[in-house]
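Undergrad: Protein chains in written order, with the numbering used here: chain A, 1 to 253; chain B, 1001 to 1314. Backbone N, C-alpha and C define an ideal beta-carbon position, used for all residues, glycine too. If you're wondering where the values come from, they're calculated on a predicted model, not measured in any experiment. Dropping a structure here in structure tokens format, bear with me for questions.
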């Protein structure tokens, strides 16, 4: 059931969204919108509250206060609908290493309710797109890291979710594969999938349409990379990040 | 005598004999800050484990501080410090207990070498009664570094100390390493972040168990053979697709705000003239405006270590 009153050009809409653990305010009244098909970079220092915020947006953690609509669904009432309409890729590799590539695709596709016919077409598409025809029947554990990451991403968008959440998807990946990974992101965003991505690589922040930078639970800046650099009179995103996060009180991970 | 000498070390794993380290040789001078730069699975951790005598190589020889890694393994263990990639202190001991445990094991006291860790330890001292398991990521990293240093090692091995750490904390960590270097401790550090390479005296670029190159960051950058241009236009994705078809284009990769386009040098490497650069810049601009791009910026640029790594992979 979709809530018709919401602006459906927005994939994510939050208003003063907060999460407290006892006395500690992990996320402090964050308000922002993410447009459909946008590549949105969600940056912040370790311990700034990114993971907690992301867990609320995915319907995995109930906010303490504030409002949020994800793909048109309310984060308090419709968490199951949210989960069905998003994809998620964690920084830790989470496909089944002892299943083959095809088995993983069938397993995750099945969970998201794809029909047998859809599974068949989707598997073929994905394997061709990644160019892993030779590896389709091999155990995932035997694939090089870069391929695993690309496969994880493709599996996370297998059910054509409205939004895909990527938590440091390129950590430790070689520079060539990192760029191939971003091509997959661009392609998905071209198809209208909204990308919500965290990264510690500041060059990748430049590839986002807009980025937000979280410091001590609050969103301290949100704009296009070009506007942020101009505003902070900085030559690179690295410099913008440094200026904002340098004053952080919390450094906890 | 070099602090670390590695001669054709090979390490394979499993039935398939997959090469984790494939005949690697290098040496590290006393007091040098040496970086192993490469992605996950390149073989960095295996090299660390061989040099800290935790793993036997299949073949090859190596010595640390003049001692053989096989014959004199006990002597090596006494004199090196090792900070593994995975946090491996005692989670249920406090900060202070962990530090005093490692000092005792190595037959020393916190007091004796306090000057070595002082800069780092004062940052976690307010939490000295907290259990290590309850510390934040950044504080765990600082405690692990203190524990690896407390016996005044002659060689310090740091395996991916900055992985998953935000850019501000990474910068601080490298500043700590620079200060340690002044104490004449030899440091071997690994990282998947190419931008950290320039903070080392010398580096090895490593992929699939092989060294692609080993030298000072400046020399590696200097030996980049092609001409490199930074190009900017409205849409990075279509810009890359289009630049790949530019005549003389060798490769084209996104580098933050700009796209780096490498072009075949007309003459020998390193001999491009300003006129030649001007011509190339104009050619690229014309090509892009013909293709319908707007707001085009093209300028010659110096390669980064990441450009070199990509070149060496191709």
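#1: What residues in its chain sit with their C-beta under 6 Å from that of residue 79(A), if we drop five residues either side in the sequence?
#2: Under the assumption that residue 170(A) contacts residue 139(A) (Cβ atoms under 8 Å), give the Cβ distance between them as a whole number of angstroms.
#3: Are the Cβ atoms of residue 45(A) and residue 215(A) separated by less than 8 Å?
#4: My guess is that residue 1232(B) and residue 1297(B) are in contact by the Cβ rule of under 8 Å, so how many angstroms apart are they, rounded?
#5: Any residues in the region 1118-1143 of chain B with a beta carbon nearer than 7 Å to a beta carbon of chain A? Which ones, in chain order?
#6: Taking Cβ positions, are residue 1083(B) and residue 1120(B) nearer each other than 8 Å?
#7: Based on Cα-Cα distance, which residue from 1221(B), 1193(B), 1227(B) and 1163(B) lies nearest to residue 1280(B)?
#8: Among the residues of its own chain, which have a CB less than 8 Å from the CB of residue 252(A), if the five just before and after it don't count?
#9: Nearest to residue 1081(B) by alpha carbon, out of 1146(B), 1024(B), 1027(B) and 1093(B)?
#10: Where does residue 214(A) fall in DSSP's three states?
#11: Under 8 Å by Cβ, that's how I've got residue 242(A) and residue 1167(B) pegged, so tell me the actual separation to the nearest angstrom.
#12: So, is residue 53(A) buried or exposed, given that buried needs 16 or more other C-beta atoms within 10 angstroms?
#13: In this structure, does DSSP put residue 1074(B) in helix, strand or coil?
#14: Under 8 Å Cβ to Cβ from residue 51(A), same chain only, skipping five residues before and after it: list those, please.
#15: Is the separation between the beta-carbon of residue 1113(B) and that of residue 1150(B) shorter than 8 Å?
#16: Closest Cβ-Cβ distance between residue 1237(B) and chain A: below 8 Å?
#17: Is the CB of residue 1183(B) under 8 Å away from at least one CB in chain A?
#18: Since residue 1283(B) contacts residue 1234(B) with CB under 8 Å, what's their CB separation in whole angstroms?
#19: Cβ of residue 90(A) less than 8 Å from any chain B Cβ?
#20: If we count the other Cβ atoms within 10 Å of its Cβ and call it buried at 16 or more, is residue 1001(B) buried or exposed?
#21: Hey, how far is the Cα of residue 1109(B) from the Cα of residue 1098(B)?
#22: Out of 1107(B), 1290(B), 1199(B) and 1242(B), which has the shortest C-alpha to C-alpha gap to residue 1254(B)?
#23: Please report the Cβ distance between residue 961(B) and residue 1221(B), rounded to the nearest whole angstrom; I am assuming they are in contact, meaning their Cβ atoms lie under 8 Å.
#24: Any C-beta of chain A sitting closer than 8 Å to the C-beta of residue 1035(B)?
#25: Could you name each continuous beta strand (DSSP E) segment of 3 residues or more that falls completely within the region 1245-1311 of chain B, going from the start of the chain to the end?
#26: Ignoring anything shorter than 4 residues, give me the alpha helix (DSSP H) runs that lie fully in the region 1129-1208 of chain B, in order along the chain.
#27: Distance, Cα to Cα, residue 974(B) vs residue 1055(B)?
#28: With a threshold of 8 Å between beta carbons, is residue 35(A) in contact with chain B?
#29: Taking only beta-carbon positions, decide if residue 1222(B) is within less than 8 Å of chain A.
#30: Quick one: which chain A residues come within Cβ less than 8 Å of residue 1043(B)?
#31: Using three-state DSSP, classify residue 1210(B) as helix, strand or coil.
#32: From the DSSP output, read off the bridge partner residues of residue 1009(B).
#33: Have a look at residue 152(A) and residue 176(A) and give me their C-alpha separation to the nearest angstrom.
#34: Assess contact between the region 1012-1028 of chain B and the region 1042-1051 of chain B, defined as three or more Cβ pairs (one per stretch) separated by less than 8 Å. Is contact present?
#35: DSSP on residue 145(A), reduced to helix/strand/coil?
#36: Give every residue of the same chain whose Cβ lies closer than 8 Å to the Cβ of residue 1354(B), excluding the five residues on either side of it in the sequence, and list them in chain order.
TA: In terms of the structure at hand:
#1: 59
#2: Not quite, the Cβ-Cβ distance comes to about 23 Å (not below 8 Å), so this is no contact.
#3: yes
#4: 4 Å
#5: Answer in chain order: 1136, 1137 and 1138.
#6: no
#7: 1227(B)
#8: Confidence at residue 252(A) is low in this model, with a pLDDT of 49, below 50, so its placement is unreliable and the value that follows should be read with caution. Once the five neighbours on either side are set aside, the close Cβ partners of residue 252(A) are 46 and 47.
#9: 1146(B)
#10: strand
#11: 7 Å
#12: buried
#13: helix
#14: If we look at residue 51(A) and ignore the five residues flanking it on each side, its Cβ neighbours are 167.
#15: yes
#16: yes
#17: no
#18: Between the beta-carbon of residue 1283(B) and that of residue 1234(B) there is about 20 Å, and that puts the pair past the 8 Å contact cut.
#19: It does not; no Cβ of chain B falls within 8 Å.
#20: exposed
#21: Each residue's Cα considered, the two are about 12 Å apart.
#22: 1242(B)
#23: Within the shown structure, residues of chain B are numbered from 1001 to 1314, placing residue 961(B) beyond reach of any answer.
#24: no
#25: 1249-1255, 1258-1263 and 1297-1300
#26: 1137-1149 and 1167-1181
#27: Since the first and last residues shown for chain B are 1001 and 1314, residue 974(B) lies out of range.
#28: Interface residue (Cβ-Cβ distance to chain B less than 8 Å): residue 35(A) is not classified as such.
#29: no
#30: Within 8 Å Cβ-Cβ: nothing; residue 1043(B) doesn't reach chain A, min ~12 Å.
#31: In the three-state reduction of the DSSP assignment, residue 1210(B) falls in the strand class.
#32: 1024(B)
#33: 17 Å
#34: yes
#35: helix
#36: One cannot answer for residue 1354(B) here, as it falls past the ends of chain B, which runs 1001 to 1314.
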